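Note sheet for the following structure.
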Amino acid sequence: SKYSTFFLNPTALDTALSKAGAERIGSLGKADASGVGDKVQSKVMEEWCENIIPEIVRVVKAFLEESEDEKKLIEETLMKAKEQTCSLCAKLFEDWDENYKKADETKTMNNLF
Numbered sequence: 131s132k133y134s135t136f137f138l139n140p141t142a143l144d145t146a147l148s149k150a151g152a153e154r155i156g157s158l159g160k161a162d163a164s165g166v167g168d169k170v171q172s173k174v175m176e177e178w179c180e181n182i183i184p185e186i187v188r189v190v191k192a193f194l195e196e197s198e199d200e201k202k203l204i205e206e207t208l209m210k211a212k213e214q215t216c217s218l219c220a221k222l223f224e225d226w227d228e229n230y231k232k233a234d235e236t237k238t239m240n241n242l243f
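Mapping of the sequence shown onto my numbering: residues 131 to 243, in sequence order.
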């Protein structure tokens, strides 16, 4: 690609989620704005969306099959993650704006969840 930020956003997000303990459930979505033919950005994104849906369904089904105790533990873990997302970002990203985090944390949490 001719772009200096080629795949920077999906790669940074994937790295941050991995550092936070997330497990990728499908392929990493990467689309090049200068792609052509089968690699045109909109087509690549559409294919990725189509392919990720079955993976999401698989994970949700697995969750629904968990015991009630396991579901409770998973839900508690997700709530803890929700509450700590902004402080985690501050640890993961050297350039995280602490003032932005404090001012917008509630709004961000409400939008995410």
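Every residue gets a Cβ at the ideal spot worked out from N, C-alpha and C, and that includes glycine. Here the structure is a predicted model, which means the values were calculated and not measured.
With a threshold of 9 Å between beta carbons, is residue 207 in contact with chain B? Absent here is chain B; the protein component of the structure consists of one chain.
6 Å Cβ shell around residue 167 - same chain, five flanking residues per side excluded: Taking the first residue of the sequence shown as position 1, residue 167 is located at position 37. Hits under 6 Å: none found.
Neighbourhood of residue 137 by C-beta distance below 7 Å, restricted to the same chain and skipping five residues each side: For the purposes of this step, residue 137 is identified with residue 7 of the sequence shown, where counting begins at 1. If we look at residue 137 and ignore the five residues flanking it on each side, its Cβ neighbours are 160.
Based on Cα-Cα distance, which residue from 139, 141, 148, 152 lies nearest to residue 207? Counted from its first residue, the sequence shown places residue 207 at position 77. The candidate whose alpha carbon is nearest that of residue 207 is 152.
Kindly indicate the opening and closing residues of the alpha helix (DSSP H) around residue 174. The count along the sequence shown starts at 1 and reaches residue 174 at position 44. Where residue 174 is concerned, the enclosing alpha helix (DSSP H) stretches over 171-194.
Per-residue DSSP class, three states only, for residue 222: Numbered from 1 along the sequence shown, position 92 holds the residue referred to as residue 222. Here residue 222 sits in helix by DSSP.
For residue 218 and residue 150, believed in contact at Cβ under 8 Å, the rounded distance: The count along the sequence shown starts at 1 and reaches residue 150 at position 20. The count along the sequence shown starts at 1 and reaches residue 218 at position 88. Right, their Cβ atoms sit about 6 Å apart.
Classify residue 144 as helix, strand or coil using the three-state DSSP reduction. Indexing the sequence shown from 1 puts residue 144 at position 14. Helix at residue 144.
Quick one: grab the DSSP three-state call for residue 157. In the sequence shown, the residue the question calls residue 157 occupies position 27. Coil.
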